[in-house]
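In the UniProt record's numbering, the protein residues as written are 1 to 206.
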């Protein structure tokens with residue numbers, strides 16, 4: 001493996017500094033209210049470097065969304081214990097718990113994503129990024145569900161995954177908002193109730 005030069009290391013560090021600053025600023029102020037001047041000030045990276053790395057503010061946002069999504073969905077991906085070896089409802093509950101835990105560990109990314117999801121019609125420049133994250137969410141949950149319900153047979157597990165993945169993602173969105181509210185629910189009880197409800201839908205899927 002080729003050894004990285006100091007210039008390459010500094011460039012990678014400056015890119016990370018911009019992404020961290022952008023995620024924090026955009027999640028707090030909003031995409032439109034965050035200017036390139038704000039990014040320069042917050043990150044300490046000169047404008048020439050930001051434009052060299054990202055070309056535009058929309059390019060910065062695309063990179064923020066990709067990095068956040070990659071880290072988030074990697075942390076909620078199914079593990080071997082979900083592969084049909086246990087009660088599917090327990091596997092489903094573990095997936096929901098991992099998802100919520102990852103959301104609480106990455107609040108800036110999730111807040112930014114949900115804000116764009118709710119106002120995507122006002123932000124045409126970021127519509128593709130939001131749609132891409134949504135597709136990744138659904139596909140990750142589908143994969144988790146297919147593994148969790150593998151004991152039901154491959155074809156039925158696939159039908160279950162297709163049917164309840166959108167419901168699971170919608171429940172998750174609501175849970176993240178609820179947990180961040182002024183009157184958060186009992187998380188453990190809510191997760192168990194959601195898993196039970198989704199499992200009933202799975203059981204009714206032929």
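Note that CB positions come from ideal geometry on N, CA and C, so glycine has one too.
Check, Outcome
"Excluding sequence positions up to five away, which residues of its chain have a Cβ less than 8 Å from the Cβ of residue 88?", "148, 149, 151, 152, 199 and 202"
"Taking the alpha-carbon of residue 131 as reference, which of 145, 192 and 115 has the nearest alpha-carbon?", "115"
"Can you give the Cα-Cα distance for residue 94 and residue 47, rounded to whole angstroms?", "44 Å"
"I'd like to know whether the C-beta of residue 137 is nearer than 8 Å to at least one C-beta of chain B.", "You won't find chain B in this structure, because it holds only one protein chain."
"Please classify residue 178 as buried or exposed, where buried requires at least 16 other C-beta atoms within 10 Å of its C-beta.", "exposed"
"Buried or exposed: where does residue 144 fall if 16 or more other Cβ atoms within 10 Å of its Cβ makes it buried?", "buried"
"Return helix, strand or coil for residue 32, following the three-state DSSP convention.", "coil"
"Is it the case that the Cβ atoms of residue 182 and residue 137 are separated by a distance below 8 Å?", "no"
"With a threshold of 7 Å on Cβ separation, who are the neighbours of residue 21 within its own chain once the five nearest residues in sequence on each side are excluded?", "39, 42 and 43"
"In angstroms, rounded to a whole number, what distance separates the CA positions of residue 73 and residue 185?", "24 Å"
"Look at the alpha carbon of residue 76 and the alpha carbon of residue 12, and state the distance between them as a whole number of angstroms.", "26 Å"
"Out of curiosity, what's the CA-to-CA distance linking residue 57 and residue 18?", "11 Å"
"Please state whether DSSP places residue 46 in a helix, a strand or coil.", "coil"
"Using three-state DSSP, classify residue 1 as helix, strand or coil.", "Its pLDDT being 49, under 50, residue 1 is placed unreliably by the model, and the measurement read from it follows with that caveat. Correct three-state label for residue 1: coil."
"On the DSSP letters alone, give me the boundaries of the alpha helix (DSSP H) that residue 199 sits inside.", "187-203"
"Apart from the five residues on each side of it in sequence, which residues of its chain come closer than 6 Å, Cβ to Cβ, to residue 172?", "99"
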